[in-house]
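Reminder that position 554 of the sequence shown reads as 554 in the UniProt record's numbering, one-by-one numbering, no gaps.
By construction, the Cβ of each residue, glycine as well, lies at the ideal position given by its N, Cα and C atoms.
Here the structure is a predicted model, which means the values were calculated and not measured.
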Amino acid sequence: MQTIRTTCPYCGVGCGVLATPDGKGGLGIAGDPDHPANRGRLCVKGSALGETVGHGGRLLAPRIHGREAGWDEALDLVAHRFRDTIAEHGPDSVGFYVSGQLLTEDYYVANKLMKGFIGSANIDTNSRLCMASAVAGHRRAFGTDTVPGLYEDLELADTVVLVGSNLAWCHPVLYQRLAAAREARGTRVVVVDPRRAASCDIADLHLALAPGADAALFNLLLAEIARRGLAGGDAAAHLDGFDEALAAARGTLPSATGLAHSQLRQFFDLWCGSDKVVTVWSQGVNQSDSGTDKVNAILNCHLASGRIGRPGMGPFSVTGQPNAMGGREVGGLANMLACHLEIENPAHREAVRGFWNAPRMAERPGLKAVDMFRAVEDGRIKALWIICTNPAATMPEADRVARAIAGCDFVAVSDIMARTDTTRLAHVLLPATGWGEKDGTVTNSERRISRQRRTLAPAGQARDDWRILAEVGCRMGWADAFGWTSPAQVFAEHAALSGIAGGLGSDFDISAHAGITAAEYDALGPFLWPQSAGRQGGRFFGDGRFHTPSGRARMVAVTPRPPQPVDADHPFRLNTGRVRDHWHTMTRTGLSPRLSRHLAEPFLELHPSDAARLDLTPASLAEVCGPHGRAVLRVLVTDRVAPGHPFAPMHWTGETAPSGRIDALVPGTVDPVSGQPALKSATVAIRPFAARWFGFAVSAGAIRPDCDYWARATLPRGEQAELAGLEVPQDWTAHARALFGLPDEPLVLHDRTRGQVRLAFLRDGRLQAALFVAPGPVGLSRSHVAALLGEGGAEALAGRPGADRPDEGALVCACFGIGVNSIVQAIATRRLTSVEAVGQALRAGTNCGSCRPEIRALLEAGTACRAAAE
Ligand SMILES: Nc1nc2c(c(=O)[nH]1)N[C@H]1C(S)=C(S)[C@@H](COP(=O)(O)OP(=O)(O)OC[C@H]3O[C@@H](n4cnc5c(=O)[nH]c(N)nc54)[C@H](O)[C@@H]3O)O[C@H]1N2
Ligand SMILES: Nc1nc2c(c(=O)[nH]1)N[C@H]1C(S)=C(S)[C@@H](COP(=O)(O)OP(=O)(O)OC[C@H]3O[C@@H](n4cnc5c(=O)[nH]c(N)nc54)[C@H](O)[C@@H]3O)O[C@H]1N2
Ligand code: SF4
Ligand SMILES: [Mo]
């Protein structure tokens with residue numbers, strides 16, 4: 001079978017992937033050694049792509065009100081409902097909510113249809129939850145949404161500062177590049193994060209600042225830059241607003257950061273001490289009610305010191321989704337036009353109108369995500385099309401958003417999966433081709449455009465997102481404008497428009513590709529934008545010229561604002577984010593047993609002092625309540641988080657753990673400039689969840705839980721579920737039969753003194769399913785029990801392996817399947833003292849390297865234990 005060069009569909013690093021179809025619907029996966037982003041490396045999510053391309057759970061045909069329908073009927077219905085709604089209530093009565101996981105071609109078509117033909121700018125994207133503050137900060141400072149630097153700057157820098165970025169887990173290959181550079185040349189790494197996230201593994205300095213205090217920290221740095229005489233000089237000639245920004249910075253008190261003077265001094269010394277400094281930031285900065293100001297506080301420091309646009313230095317916003325950048329390029333945000341043009345600018349609007357020959361051009365910005373769903377809620381938006389995103393789970397105030405969608409007159413959803421929190425609410429479901437089934441382009445964090453290529457046949461009747469959109473455009477009466485027959489034609493049109501934009505001063509110009517042929521598109525290798533007659537790739541702003549009318553950069557005077565205060569009813573500030581092996585709502589990573597073994601349940605990281613005060617023991621369940629909703633989460637007691645500032649991951653949904661939906665707790669508070677929600681800061685109350693029983697179940701078939709708490713995960717040979725309930729069922733056998741959908745008679749072990757019940761369903765002596773129940777958190781070896789599915793028999797009821805079977809425990813190294821117990825045992829018995837030694841002994845950590853921070857933590861714990869014992 002032929003190997004095909006394509007690009008990973010997960011994070012914004014944008015790694016090149018070599019995919020080899022096995023002819024049976026599967027794919028062999030390897031890193032592309034020739035791709036400049038990864039040079040052959042992949043993280044564990046990328047490596048596991050082959051486990052996620054099966055057709056299980058896929059949406060295979062269009063559906064109307066739950067019944068299967070033909071494409072013509074479904075497309076006609078969408079076109080007709082949108083047309084009628086617009087005719088009756090005007091263009092602003094409809095909306096599209098799209099995604100940074102769409103390909104550029106898909107995104108371009110959606111934007112053209114809404115902004116040029118429907119005549120509204122009510123198209124917004126999940127990038128509003130992700131990159132909007134970075135976009136707004138860039139535009140305020142540079143005049144355009146430009147990422148000035150390149151990945152290699154992280155390798156060329158002497159100091160790299162990660163601000164609100166858990167690069168180790170969220171951009172693993174870029175993190176590995178940084179770690180390798182640090183190993184080779186002693187790069188100093190600073191992590192600015194209220195939580196001791198995995199990225200602290202390579203940090204020379206961890207600043208656990210007060211939540212939301214980033215603008216204060218960088219204001220203090222700006223004042224220090226000026227004090228040390230590093231500002232001004234050449235750089236000042238290219239700046240506006242320096243005096244005002246410095247005056248505001250000088251008014252900032254160190255106490256606002258919550259950091260000690262000695263820590264601030266160390267930070268200032270590191271940042272100011274080397275010319276080559278890169279400040280990387282991500283959601284700890286953007287997802288804040290002062291996100292745009294935080295971004296500008298960072299940009300101010302680089303602008304004032306002239307540390308921008310040259311090798312090894314600059315501010316660097318790392319993007320989350322694979323095509324967050326592409327979405328910004330096509331104008332996917334409600335306040336932008338295609339090719340980084342501005343919707344408020346009449347000349348820009350006129351240029352795009354002319355190019356599209358648009359009958360009805362949007363005249364003003366549309367509704368941003370949070371406002372868009374408010375408009376759905378109150379009926380201003382009456383027809384909504386959601387594409388490639390799961391807002392019923394990932395928008396703040398998620399329960400309210402789900403209710404708003406449920407109450408909308410007409411909702412179409414394009415997704416690859418049949419069952420998600422959002423597809424459940426749709427009138428029309430449109431099956432999209434998934435990764436591996438379609439052709440197009442994506443842009444990574446360093447402005448590199450790469451091809452995604454089709455390697456597999458579409459699942460069922462699935463069609464490409466761009467084509468579904470174009471077919472609706474045609475059916476709404478605009479066949480001339482939406483008549484493309486291939487994504488190459490869409491790309492060429494976008495490239496041609498970018499040439500016009502370049503002429504108007506836009507940074508985004510790829511007009512060198514305006515005449516691209518189908519064959520050239522097929523062969524297109526990764527390239528950096530811009531690509532025009534005048535410019536090819538490279539860094540921006542090294543020449544001191546910016547995209548503002550004056551050509552000078554603008555420094556912004558920032559007055560730091562603390563986040564909304566906690567109150568007596570909701571005394572904790574809940575931080576949220578990601579885990580290493582899952583992607584957002586897990587519709588794809590949840591299919592992989594390997595990726596599901598690292599962390600199989602929604603959890604709450606809680607400081608030991610909070611846990612003690614709340615009477616919450618490790619592995620118990622906590623009920624977390626906010627003004628907007630509630631969640632039940634497994635308690636993980638750890639001093640990684642600060643007292644009063646717990647952390648919970650965002651990944652679990654109605655499909656995997658209905659009471660683990662974290663965005664049910666998060667308020668819809670937004671940054672006033674960017675409209676990005678403050679997703680890292682929910683005020684909550686926490687108390688023990690009064691479960692009367694706890695359970696753990698495994699089954700070779702589907703598990704159908706019906707209890708107050710449950711969380712489901714995929715196993716190599718079935719499923720597992722954690723369970724808990726407020727009422728003890730009368731009859732455990734009946735409960736277990738319903739849970740597993742098995743009519744059989746189980747083997748039952750009842751230990752009345754301990755209140756434990758264990759049930760096993762066997763067929764031909766092989767384990768089909770088992771349920772373990774206890775009055776407290778169930779302590780047994782999950783990996784052992786899971787491994788017995790389809791094999792061992794009654795021995796499963798023991799819940800523990802015999803001496804002959806080593807128990808792996810929770811998975812640490814997903815690449816080689818090495819669990820925590822094996823690593824701890826090897827460290828102890830073989831007296832291992834380094835991550836490399838563990839790698840030599842067990843192979844753990846030697847492939848993608850994502851688990852190296854955890855191995856180091858186990859080594860440190862091991863050393864502490866030995867020291868205590870000796
Ligand atoms: N494994 C994995 N990788 C992913 C994704 C995924 O789902 N899973 N998603 C991708 C996407 S779309 C995105 S946007 C990126 C996100 O990538 P990141 O932004 O790196 O990830 P998060 O975990 O959301 O948050 C980063 C950190 O911000 C910290 N933080 C919270 N509040 C503050 C604050 O006030 N100040 C500072 N300085 N820090 C704070 C949190 O403690 C957290 O450690 O990841 C991408 N990569
Ligand atoms: N509390 C909290 N909430 C957050 C965040 C946080 O840090 N904390 N982070 C926010 C951020 S940064 C982001 S980016 C969002 C992400 O949130 P979402 O975008 O809502 O999450 P995903 O699970 O990535 O949803 C993608 C959907 O598209 C489907 N899909 C996959 N491929 C395709 C395709 O090719 N075509 C189509 N049509 N569908 C496809 C998937 O099955 C899935 O249903 O969450 C945001 N919400
Ligand atoms: S680092 Fe990101 S792009 Fe690269 S393999 Fe991992 S998830 Fe995919
Ligand atoms: Mo994101």
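What number of angstroms, rounded off, separates the C-alpha of residue i from the C-alpha of residue j?
i, j, result
"Ala69", "Arg630", "37 Å"
"Ala682", "Glu727", "30 Å"
"Phe740", "Val352", "57 Å"
"Ala197", "Tyr175", "13 Å"
"Gly137", "Phe694", "48 Å"
"Lys45", "Arg139", "33 Å"
"Ile823", "Thr846", "13 Å"
"Asp191", "Ser282", "Here the sequence assigns Val to residue 191, which means Asp is not the residue at that position. Using only the alpha carbons, I get a separation of about 12 Å."
"Phe410", "Gly483", "26 Å"
"Ala596", "Ile405", "It should be pointed out that residue 596 corresponds to Ser in this sequence rather than to Ala. In a straight line, the C-alpha of Ser596 is about 30 Å away from that of Ile405."
"His427", "His65", "5 Å"
"Gly233", "Ser305", "9 Å"
"Asp158", "Ser274", "6 Å"
"Asp522", "Gly331", "25 Å"
"Thr753", "Leu797", "17 Å"
"Ala457", "Glu437", "6 Å"
"Gly407", "Pro743", "39 Å"
"Ala713", "Glu601", "8 Å"
"Leu246", "Phe508", "31 Å"
"Leu606", "Thr617", "10 Å"
What do you reckon, is the C-beta of residue i under 7 Å from a heavy atom of ligand 3?
i, result
"His171", "yes"
"Leu156", "no"
"Val13", "yes"
"Leu621", "no"
"Cys43", "yes"
"Asn166", "no"
Note the first and the last residue of the continuous beta strand (DSSP E) segment covering residue i.
i, result
"Gln768", "766–774"
"Cys625", "621–625"
"Glu649", "According to the sequence as given, residue 649 is Pro; it is not Glu. 647–649 is the span of the beta strand (DSSP E), which, as asked, contains Pro649."
Considering only heavy atoms of ligand 1, does any lie closer than 7 Å to the CB of residue i?
i, result
"Lys112", "no"
"Gln263", "no"
How far does the alpha helix (DSSP H) with residue i in it extend, from its first residue to its last?
i, result
"Tyr521", "518–523"
"Asp76", "71–89"
"Gly473", "465–475"
Taking the beta carbon of residue i as the centre, do at least 16 other beta carbons fall within 10 Å, making it buried, or is it exposed?
i, result
"Thr656", "buried"
"Asn345", "exposed"
"Gln768", "buried"
"Asn357", "exposed"
"Cys105", "One point to set straight first is that residue 105 is Glu, not Cys, in the sequence displayed. Buried is the call here."
"Glu350", "exposed"
"Ser498", "buried"
"Ala470", "buried"
"His570", "buried"
"Thr517", "exposed"
"Pro560", "buried"
"Ala828", "exposed"
"Pro431", "buried"
"Arg307", "buried"
Should residue i be counted as a contact of ligand 2 given a C-beta to heavy atom distance under 7 Å?
i, result
"Leu129", "yes"
"Pro391", "yes"
"Leu679", "yes"
"Trp583", "yes"
"Ala432", "yes"
Does residue i come within less than 8 Å of chain C when only Cβ atoms are used?
i, result
"Arg843", "This model lacks chain C altogether, as it is built from one protein chain only."
- Task: Please list the segments of the beta strand (DSSP E) lying wholly inside the region 125–161, counting only runs of 3 or more residues, in order along the chain.
- Result: none
- Can you check the region 213–297 for any beta strand (DSSP E) of at least 3 residues that lies completely inside it and give the ranges in chain order? The region 213–297 contains, as complete beta strand (DSSP E) runs of 3+ residues, the segments 277–281 (chain order).
- Query: Can you list, in chain order, the stretches of the alpha helix (DSSP H) that have 4 or more residues and sit fully within the region 698–754?
  - Reply: 732–740
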